[in-house]
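Beneath this line is the structure, given in structure tokens, with notes to follow.
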Amino acid sequence: MDTPALHFLLPFALPASAHLPALLAGLELPALEKLLARGVPSAQDVPEDPFVPTLPHERWLADAFGLPGVPARAPLAPFMLLEDSGSLDTRMWYCAQPAHIHIATDHLVLTDPAELELSAEDSAALFATAHALLAEEGGELIAPRPDRWYLSAPVLGDLLTASPARAAGRNVDIWLPQGKAELTWRKWQNEVQMAWYDHPANQAREARRLPPVNAIWLYAGGQRIAAPRLNRPCVTVLADAPATRGLARHLQIALHDTAAGLQAANGRTLVQIDTLTSHFLMEDWARWRDALVEIDRMWLAPALERLAKGNAREVSLTLCGDSHSVTILSRSGDLRKFWRRQPLATRLVPFARLGEEVA
Numbered sequence: 285m286d287t288p289a290l291h292f293l294l295p296f297a298l299p300a301s302a303h304l305p306a307l308l309a310g311l312e313l314p315a316l317e318k319l320l321a322r323g324v325p326s327a328q329d330v331p332e333d334p335f336v337p338t339l340p341h342e343r344w345l346a347d348a349f350g351l352p353g354v355p356a357r358a359p360l361a362p363f364m365l366l367e368d369s370g371s372l373d374t375r376m377w378y379c380a381q382p383a384h385i386h387i388a389t390d391h392l393v394l395t396d397p398a399e400l401e402l403s404a405e406d407s408a409a410l411f412a413t414a415h416a417l418l419a420e421e422g423g424e425l426i427a428p429r430p431d432r433w434y435l436s437a438p439v440l441g442d443l444l445t446a447s448p449a450r451a452a453g454r455n456v457d458i459w460l461p462q463g464k465a466e467l468t469w470r471k472w473q474n475e476v477q478m479a480w481y482d483h484p485a486n487q488a489r490e491a492r493r494l495p496p497v498n499a500i501w502l503y504a505g506g507q508r509i510a511a512p513r514l515n516r517p518c519v520t521v522l523a524d525a526p527a528t529r530g531l532a533r534h535l536q537i538a539l540h541d542t543a544a545g546l547q548a549a550n551g552r553t554l555v556q557i558d559t560l561t562s563h564f565l566m567e568d569w570a571r572w573r574d575a576l577v578e579i580d581r582m583w584l585a586p587a588l589e590r591l592a593k594g595n596a597r598e599v600s601l602t603l604c605g606d607s608h609s610v611t612i613l614s615r616s617g618d619l620r621k622f623w624r625r626q627p628l629a630t631r632l633v634p635f636a637r638l639g640e641e642v643a
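Letter 93 of the sequence shown, counting from 1, is numbered 377 in the working numbering, and no numbers are missing.
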């Protein structure tokens, strides 16, 4: 087994800098603190556009694997589809997320799709209606999973779209699909919304005090790229996220879910841990804190131990906010630099602030 170089990709690990000291107060995060204090920043992704529609971990994946369009685009839908369905053709595919948009005081707001609690039965009923409508317009809608659908429609072309996790909780106006066919998509969306308005599945959901499914959120559009034209940034992947797993499958990279743990690491290994995401988006900071402690205990502490014993060549952490990321690299020699000491909040706050200083 090749000595691993470990790269941890941690979406939604950087809340707003003003809140970080309070969020970190009282937490025992010895491995994270040591890796950040002894390591050195090796990369950062701070887009000039504060409203870039992609998420930093999506851009990291797209850039690492050699997908086009970064930073405005992260064409991951084909690889998500490969993971969800087991097959992939050469057409342009969008992820088509069943969603709920609610009315705020003077604007519309996208609810985090993870809050929908969409059952297989409700999904199938709503899908059947949308599938028929979009088929009449020349689109093919498929649903390999109840909570994640996909749309291929040549007439839509290559729309600029936003990840739902980027737009969730915000005014949807600036996050709606943009491009030559944006009005076509809005027309299709309106037709689906009207058909779903009094749909029996939505009536049943509202009776159960669940939000109605009243929109389809397009994002991550792209086409399959032949494996030889892509990068192979690692030889092992540990991840549960469909885009990351789909990329690994497409490139025939050794793939494990995170339940396999670090013992599955071999050679240059990418570990993506998404346990902070839902808590960040729902602003459930107590659970976010708990998840961060668990990451430190289950992942970073064993990684630090491997590095100290020479059983890992290096450990990199890519910490992501909702708009930017920073990567910190630690090698075994860095651990001996005992004079590098900083409280965790002192180290993290400037990293979080990077994305807030964009004009």
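Built from N, CA and C at the ideal position, the CB exists for glycine as well.
Subject >> R454 - DSSP class collapsed to helix/strand/coil >> reply: As a position in the sequence shown, residue 454 is number 170, starting the count at 1. R454: coil per DSSP, three-state reduction.
**OP:** Could you confirm whether any beta carbon from chain B is found closer than 7 Å to the beta carbon of A412?
**Re:** Annotation note: the requested chain B is absent from the structure, which comprises a single protein chain.
Original post:
On the three-state DSSP scale, how would you describe I557?
Top reply: For the purposes of this step, residue 557 is taken as residue 273 along the sequence shown, with counting starting at 1. When secondary structure is reduced to three states using DSSP, I557 falls in the coil class, being assigned neither helix nor strand.
Original post:
Taking the continuous alpha helix (DSSP H) assigned at D329, which residues delimit it?
Top reply: Residue mapping note: residue 329 aligns to position 45 of the sequence shown, counting from 1. Segment 324-329 is the beta strand (DSSP E) holding D329; no alpha helix (DSSP H) there.
**OP:** Please go through the same chain and pick out, in chain order, the residues whose beta-carbon is closer than 6 Å to the beta-carbon of D431, but skip the five residues on each side of it.
**Re:** Position 147 of the sequence shown holds residue 431. L402.
Original post:
For Y378, which residues from the same chain have a beta carbon less than 6 Å from its beta carbon, with the 5 sequence-adjacent residues on both sides left out?
Top reply: Numbered from 1 along the sequence shown, position 94 holds the residue referred to as residue 378. So the list reads A361, L435, L502, G505, once near-sequence residues are dropped.
Subject >> Helix, strand or coil at P382 [DSSP, three-state] >> reply: Walking along the sequence shown from the start, residue 382 turns up at place 98. It is a strand residue.
Subject >> Residue burial classification, L467 (beta-carbon count within 10 angstroms, cutoff 16) >> reply: Taking the sequence shown and counting its residues from 1, one reaches residue 467 at position 183. Exposed.
Original post:
Hey, how far is the Cα of L444 from the Cα of F349?
Top reply: Position 160 of the sequence shown, counted from the first residue, corresponds to residue 444. Position 65 of the sequence shown, counted from the first residue, corresponds to residue 349. Answer to the nearest angstrom: the Cα atoms are 20 Å apart.
**OP:** Note the first and the last residue of the continuous beta strand (DSSP E) segment covering S651.
**Re:** Residue 651 is absent from the model: the chain starts at 285 and stops at 643.
Subject >> Spatial distance of N498 from A383 (CA atoms) >> reply: Looking up residue 498 in the sequence shown gives position 214. Looking up residue 383 in the sequence shown gives position 99. Spanning the two alpha carbons is a distance of roughly 6 Å.
Subject >> DSSP three-state assignment for G617, whether helix, strand or coil >> reply: Taking the sequence shown and counting its residues from 1, the one referred to as residue 617 is at position 333. Here G617 carries a helix assignment [DSSP, helix/strand/coil].
Subject >> Among F363, P288, D558, nearest to I509 - alpha-carbon criterion >> reply: Within the sequence shown, numbered from 1, the residue matching residue 509 stands at position 225. Comparing Cα positions, the closest option is F363.
Original post:
Whose C-alpha, out of S600, S609, R637, is nearest the C-alpha of A315?
Top reply: Along the sequence shown, one-based indexing puts residue 315 at 31. Sorting S600, S609, R637 by C-alpha distance to the C-alpha of A315 places S600 at the top.
Subject >> For Q473 and D347, the rounded distance between their alpha carbons >> reply: Indexing the sequence shown from 1 puts residue 347 at position 63. Indexing the sequence shown from 1 puts residue 473 at position 189. D347 and Q473: Cα-Cα distance of roughly 31 Å.
Subject >> Alpha-carbon to alpha-carbon, H415 and V577 >> reply: Start at 1 with the first residue of the sequence shown, and residue 577 comes out as number 293. Start at 1 with the first residue of the sequence shown, and residue 415 comes out as number 131. Answer to the nearest angstrom: the Cα atoms are 43 Å apart.
Original post:
Taking the DSSP output, what are the residues bridged to F292?
Top reply: Within the sequence shown, numbered from 1, the residue matching residue 292 stands at position 8. V555, L601, per the DSSP bridge assignment.
Original post:
Since A549 and L522 are thought to touch, with beta carbons under 8 Å apart, how far apart are those beta carbons, to the nearest angstrom?
Top reply: Taking the first residue of the sequence shown as position 1, residue 549 is located at position 265. Taking the first residue of the sequence shown as position 1, residue 522 is located at position 238. Contact between A549 and L522 holds: their C-beta atoms lie close to 7 Å from each other, under 8 Å.
**OP:** Counting only the same chain and skipping the five closest in sequence on each side, list residues whose C-beta sits under 8 Å from that of H534.
**Re:** As a working note, residue 534 is residue 250 in the sequence shown. For H534, the CB contacts under 8 Å within the same chain, skipping 5 residues up- and downstream, are F363, L366, L372, R508, A511, L514 in chain order.
Subject >> Beta-carbon spacing of T374, A358 below 7 Å >> reply: The residue given as residue 374 occupies position 90 in the sequence shown. The residue given as residue 358 occupies position 74 in the sequence shown. For T374 and A358, no; Cβs fall outside 7 Å.
Original post:
When DSSP labels each residue in this structure, what does I509 get in the three-state scheme?
Top reply: Walking along the sequence shown from the start, residue 509 turns up at place 225. I509 falls in the coil class under three-state DSSP.
**OP:** Would you mind reading off the limits of the beta strand (DSSP E) that contains A427?
**Re:** As a first step, residue 427 must be located in the sequence shown, where it is residue number 143. Segment 424-429, the beta strand (DSSP E) holding A427.
Subject >> Other residues of its chain near I554: CB distance less than 6 Å, five sequence neighbours each side excluded >> reply: Translated into the one-based positions of the sequence shown, residue 554 becomes position 270. Going by the sequence as given, residue 554 is Leu instead of Ile. Excluding residues within five positions, the ones whose Cβ falls inside 6 Å are H291, C518, V521.
Original post:
If you draw a straight line from the alpha carbon of E421 to that of L345, how long is it in whole angstroms?
Top reply: For this step, residue 421 is matched to residue 137 along the sequence shown. For this step, residue 345 is matched to residue 61 along the sequence shown. Going from the Cα of E421 to the Cα of L345 covers about 33 Å.
**OP:** For R489, count neighbouring Cβ atoms within 10 angstroms of its own Cβ and tell me buried if that reaches 16, exposed if not.
**Re:** By 1-based counting over the sequence shown, the position of residue 489 is 205. Buried: at least 16 other Cβ atoms inside 10 Å.
Original post:
So which of D329, F296, E317, L320 has the shortest CA-CA distance to H608?
Top reply: Residue mapping note: residue 608 aligns to position 324 of the sequence shown, counting from 1. Nearest C-alpha to H608: D329.
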